[in-house]
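The structure appears below as structure tokens.
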Amino acid sequence: MAQTTAQSLHTAIHTLREELAGAFAAVTTQADAESFRITYLSRNGKVAALFESMKSLPGPDKPVFGKLLNELKKSVEATFAEIASRIEAASASTASRVDLTLPGRTLPLGSIHPVTQTLNEIKSIFVAMGFDIADGPEIEDDYHNFEALNFHPHHPARDMQDTFFVSKDVLLRTHTSPVQIRTMKKQKPPIRTIMPGRVYRNEAISARSYCTFHQVEGLYVDKNVSFSELKGTLVAFAKQFYGSDINYKFRPSYFPFTEPSLEMDISCFLCKGKGCRICKQSGFLEVLGAGMVHPNVLRNVGIDPEEYSGYAFGMGIDRTALLRHGINDIRLLFENDVRFLRQF
Ligand code: DAH
Numbered sequence: 008m009a010q011t012t013a014q015s016l017h018t019a020i021h022t023l024r025e026e027l028a029g030a031f032a033a034v035t036t037q038a039d040a041e042s043f044r045i046t047y048l049s050r051n052g053k054v055a056a057l058f059e060s061m062k063s064l065p066g067p068d069k070p071v072f073g074k075l076l077n078e079l080k081k082s083v084e085a086t087f088a089e090i091a092s093r094i095e096a097a098s099a100s101t102a103s104r105v106d107l108t109l110p111g112r113t114l115p116l117g118s119i120h121p122v123t124q125t126l127n128e129i130k131s132i133f134v135a136m137g138f139d140i141a142d143g144p145e146i147e148d149d150y151h152n153f154e155a156l157n158f159h160p161h162h163p164a165r166d167m168q169d170t171f172f173v174s175k176d177v178l179l180r181t182h183t184s185p186v187q188i189r190t191m192k193k194q195k196p197p198i199r200t201i202m203p204g205r206v207y208r209n210e211a212i213s214a215r216s217y218c219t220f221h222q223v224e225g226l227y228v229d230k231n232v233s234f235s236e237l238k239g240t241l242v243a244f245a246k247q248f249y250g251s252d253i254n255y256k257f258r259p260s261y262f263p264f265t266e267p268s269l270e271m272d273i274s275c276f277l278c279k280g281k282g283c284r285i286c287k288q289s290g291f292l293e294v295l296g297a298g299m300v301h302p303n304v305l306r307n308v309g310i311d312p313e314e315y316s317g318y319a320f321g322m323g324i325d326r327t328a329l330l331r332h333g334i335n336d337i338r339l340l341f342e343n344d345v346r347f348l349r350q351f
């Protein structure tokens, strides 16, 4: 290393001071500031190097240069302090540079399927009336789906054309009524339960019918349950669900698992009973089947029909969901196209 002279050290100090001005201006980020500190102020930095070279100066020059270098060091430190505060101020002002007039970012929210919406409403009406909610398997056996429900062995509903069979005795349930059997086998009366779920039928697929749809089953078994209670419950439900201004009528009907049986029609909520394409100009829509639980069904689950009686009802909900939302093709409910579902 060349011998340090007063002259060379003087020049070095001068050069460093000039360099500093540029280096100071160039610092814009936190990382720049750190490399400034390392270059000039660290133990191996340029200022430390000048102190080191001072050691080889002739004796009398040392105090003079000691003073000069201390001044230099102080001014580099002051420069660095200024850099630090400048960077801090810059980052604070970036943080406050938020444009409050920009529209907020929308969070991607899902939507509730129209069938689920309809089902939730039905559930809340019956829960408020004191019903529990139960469910059962979609893959059923012949016993629960038909036999225990008093279907004659040759009843046409067992026909291959309506039922999807998995094997001779195992099938996809064609209605939610088998859950009645499961509920009554598990639980002693009083039983007051609705049983929603998906059912399957081997029907020709069209805009109006599909191979799967949803039903809600209802069951009330206790001492002295009467037919008028059944009608009262159905009317109370229909008025809450379809609107208090609806008209309704009960028609006698037949189901193997109820006796007597009825079907309920309500005035068409689309045309208000005037007659339209949907209600086929009748002014009424069929909404459910119901009846008093057949004594054979009670016996099949070990409930004494002399002591207890009960009513049951069953309704499809997909058609209602379609009509309420003005959807004209049932298949749309099952395709799960989010562009369609997002609208509800
Ligand atoms: N299970 C019948 C169907 O799928 C509907 C039904 C009718 C259910 C009368 C019942 C009932 O519980 O009592 O068409």
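In this text, residue positions in the sequence shown follow the working numbering: the first is 8, and each later residue adds one.
Glycine is no exception: its CB is placed at the ideal position from the N, C-alpha and C atoms.
Name the DSSP beta bridge partners of MET322, please? According to DSSP, which records beta bridges pairwise, MET322 is partnered with VAL223.
Query raised in the report: Are the C-beta atoms of PRO263 and some chain B residue less than 9 Å apart?
Result: The chain labelled as chain B is not found in the depicted structure, where only one protein chain is given.
Checklist line | Three CB pairs or more closer than 8 Å across the region 225-236 and the region 169-178 | finding: Taking one beta carbon from each stretch, the region 225-236 and the region 169-178 have fewer than 3 pairs nearer than 8 Å; the two do not touch.
Can you give, in chain order, each stretch of the alpha helix (DSSP H) that sits fully within the region 14-89 and has at least 4 residues? The alpha helix (DSSP H) runs lying completely inside the region 14-89 and spanning 4 residues or more are 37-43, 53-61, given in chain order.
Practice problem: For SER289, collect the residues of the same chain with a Cβ closer than 6 Å to its Cβ; drop the 5 residues on either side in sequence, then sort them by chain order. | Solution: Around SER289: no qualifying Cβ.
Quick check on the burial criterion: 16 or more other C-beta atoms within 10 angstroms. Buried or exposed for VAL206? Buried, since its Cβ has 16 or more Cβ neighbours within 10 Å.
With a cut-off of 8 Å, do at least 3 Cβ pairs link the region 326-340 to the region 206-215? Counting Cβ pairs under 8 Å, three or more are found: they touch.
*Residues bridged to LYS256 (per DSSP)*: DSSP, once it has assigned bridges, lists ASP272 as partnering LYS256.
*asked:* Using only the alpha-carbon positions, how far apart do ARG208 and LEU107 sit?
replied: Per the coordinates, the alpha-carbon of ARG208 lies some 56 Å from the alpha-carbon of LEU107.
* Separation of THR181 from PRO121, as counted between CA atoms -> Between the alpha carbons of PRO121 and THR181 lies a distance of about 22 Å.
Note to self: DSSP three-state label for GLY309, please.
What the structure shows: The three-state secondary structure of GLY309, taken from DSSP, is coil.
Exercise. What separation, rounded to the nearest whole angstrom, lies between the Cα atoms of SER82 and THR12?
Worked result: Their Cα atoms are separated by approximately 23 Å.
- [ ] Could you name the residues of the same chain whose beta carbon sits closer than 8 Å to that of ASN157, not counting the 5 residues immediately before and after it, in chain order?
- [x] Contacts found: PRO263, PHE264, HIS301, ASN303, VAL304, ASN307.
The ligand DAH heavy atom lying under 8 Å from the CB of ASN204:
Strictly speaking, residue 204 in this sequence is Gly, with Asn absent from that position. It does not: the Cβ of GLY204 is nowhere closer than 8 Å to a heavy atom of the ligand DAH.
What did DSSP end up calling ARG189 once you bin it into helix, strand or coil? ARG189: helix per DSSP, three-state reduction.
Span separating the alpha-carbon of THR35 from that of LYS53: Between THR35 and LYS53, the C-alpha separation is close to 21 Å.
Does the ligand DAH have even one heavy atom less than 8 Å from the beta-carbon of PHE262?
For the ligand DAH, at least one heavy atom lies less than 8 Å from the Cβ of PHE262.
Q. In this structure, does DSSP put VAL206 in helix, strand or coil?
A. Three-state DSSP puts VAL206 in a strand.
(request) Can you check the region 96-151 for any alpha helix (DSSP H) of at least 4 residues that lies completely inside it and give the ranges in chain order? (result) Segments of the alpha helix (DSSP H) lying fully in the region 96-151: 121-135.
Original post:
CB of HIS221 to nearest heavy atom of the ligand DAH: below 8 Å?
Top reply: A distance criterion of 8 Å places the beta-carbon of HIS221 beyond contact range of the ligand DAH, judged by its closest non-hydrogen atom.
Under the assumption that ALA243 contacts TYR255 (Cβ atoms under 8 Å), give the Cβ distance between them as a whole number of angstroms.
Taking 8 Å as the upper bound for CB-CB distance, ALA243 and TYR255 are not in contact here, some 11 Å apart.
Quiz item: Going straight from the alpha carbon of CYS278 to that of GLU224, what length do you get?
Solution: Going from the Cα of CYS278 to the Cα of GLU224 covers about 27 Å.
DSSP on PHE158, reduced to helix/strand/coil?
Reduced to three states, the DSSP call for PHE158 is coil.
Quiz item: Could you check where the beta strand (DSSP E) with PHE291 kicks off and where it finishes?
Solution: For PHE291, the enclosing beta strand (DSSP E) covers residues 291-300.
- May I ask you to check if the CB of PRO226 is nearer than 8 Å to at least one heavy atom of the ligand DAH? Residue identity differs from the one stated: residue 226 is Leu in this sequence, not Pro. Between the ligand DAH and the CB of LEU226, the shortest heavy atom gap is smaller than 8 Å.
Worksheet entry | Distance between LEU57 and ASP39 (C-alpha atoms, nearest Å) | ASP39 and LEU57: Cα-Cα distance of roughly 23 Å.
Going by Cα to Cα distance, which pick from GLY250, ASP169, PHE87, LYS62 is closest to LEU76?
Checked all of GLY250, ASP169, PHE87, LYS62; the closest Cα to LEU76 is LYS62.
List the endpoints of the continuous beta strand (DSSP E) containing LEU277.
Neither: LEU277 is in no beta strand (DSSP E) and is coded neither H nor E.
* Asked: Looking at the structure shown, is ARG199 part of a helix, part of a strand, or coil, going by DSSP?
  -> Collapsing the DSSP output to three states places ARG199 in a strand.
Requested in this report: Please determine if the region 83-95 and the region 282-297 are in contact, where contact requires at least 3 C-beta pairs separated by less than 8 Å.
Outcome: Counting C-beta pairs with one atom in each stretch, the region 83-95 and the region 282-297 have fewer than three that are closer than 8 Å, which means they do not touch.
- Beta-ladder partner(s) of SER316, from DSSP: Answer is ASP229.
- Message: From the DSSP secondary-structure annotation, give me the bridge partner or partners of THR265.
- Response: Paired residue(s): PHE262, VAL300.
Tell me whether TYR150 is buried or exposed, calling it buried when 16 or more other Cβ atoms sit within 10 Å of its Cβ. TYR150 sits exposed, since fewer than 16 C-beta atoms from the chains shown fall within 10 Å of its C-beta.
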